[in-house]
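As structure tokens, the structure follows; a few thoughts come after it.
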Amino acid sequence: VEALPRGILFWRSFTHWVGGMGVLVLAIAILPSTGNALYLMQAECPGPQVGKLVPKGKTSALYLYLIYGVLTLVTVILLFTGGMPLFDSVCHAMGIAGTGGFGIKNDGVSYYNSPYLEGVITATMILFGVNFTLYYHRRFREVRKNTELRVYFCIIAAATGLIMLNIQPIYHSVGKCFRYAVFQVASIMTSTGFATADYNNWPLFSQMILLLLMFIGACAGSTGGGFKISRLLILCKAIPKQLSLVIHPREVKVIRMDGKPIDH
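So for the sequence shown, the numbering used here puts the first residue at 1; every next one is plus one.
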């Protein structure tokens, strides 16, 4: 990939960045309003439910892209201040934001061999896996109570801890185990795909955890791929409901997420 001209490398990263949030969402944000903005957003945005930040769908799309752009710019600045060249910082930031992991080096992120840069990329990958509507909320208490967000961070913490224990005999260092484990967990769970370690050489237990994380994915309403945590939560609540209906067919049970009823 390093043999390609910079223009091509930038173009593939830029188109990837635009597609991360969604081309339809961008169209809603910049084109004249058609009155069907919410329906277009529902077609583009991942997750079981799509809500508007403000009453107008066009303004909601504009805010989403503004949040997306600001987070990308912050990522560029953090990477650049860590010693990564500006061009590399821009391309990697767009790859992180779109959670698809387009790189410009054959060795990927491990080319830079910097714990600081790995830490920044890990943190930003996790942040881009969060539902973007939560960044708009001005009340931290409401964001903290969000069930999907709490489960998202709990899964990351649990997976990192289990993998750290499992790969301890390979690296013989708690610091290295944490550094490699949390990076790979964040990368695979958000579907970004960056790698700093060859996890093909890891024990089967760690590989199976990463495989499960790949299927689960990040939060709904993020740029991450996968099944989405909100769907997993709804599934976990739907199973006991369906089993209860077998015993009590006339029983009425409503599945709720964060106190709000979910449409059947």
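For each residue, glycine too, the CB sits at the ideal point set by N, CA and C. If you're wondering where the values come from, they're calculated on a predicted model, not measured in any experiment.
Beta-carbon spacing of residue i, residue j below 7 Å
i: residue 166; j: residue 205; result: yes
i: residue 120; j: residue 196; result: no
i: residue 89; j: residue 74; result: no
i: residue 237; j: residue 255; result: yes
i: residue 159; j: residue 213; result: yes
i: residue 125; j: residue 190; result: yes
i: residue 234; j: residue 132; result: no
Residue i versus residue j: straight-line alpha-carbon distance, rounded
i: residue 185; j: residue 224; result: 13 Å
i: residue 169; j: residue 156; result: 21 Å
i: residue 262; j: residue 241; result: 13 Å
i: residue 83; j: residue 151; result: 34 Å
i: residue 16; j: residue 162; result: 32 Å
i: residue 181; j: residue 98; result: 22 Å
Those residues which DSSP pairs with residue i across a bridge
i: residue 250; result: Residue 250 pairs with nothing; no bridge assigned.
i: residue 257; result: 260
When the options are compared against residue i, the one with the closest alpha-carbon
i: residue 136; options: 179, 115, 62, 16; result: 62
i: residue 18; options: 122, 159, 96; result: 96
i: residue 5; options: 207, 105, 79; result: 105
i: residue 281; options: 164, 127, 218; result: In this structure the chain extends from 1 to 264, so residue 281 is not present and cannot be described.
i: residue 298; options: 243, 248, 187, 259; result: Missing from the structure shown is residue 298; the chain here goes from 1 to 264 and no further.
Close beta carbons around residue i, own chain, < 6 Å, minus the five adjacent residues each side
i: residue 171; result: 177
i: residue 203; result: 166
Beta-carbon contacts of residue i that lie in its chain and below 7 Å, excluding the five residues immediately before and after
i: residue 86; result: 80
i: residue 112; result: 84
Chain-order list of residues whose beta-carbon lies under 8 Å from that of residue i (same chain, five-residue window excluded)
i: residue 1; result: 9, 103, 104, 105, 106
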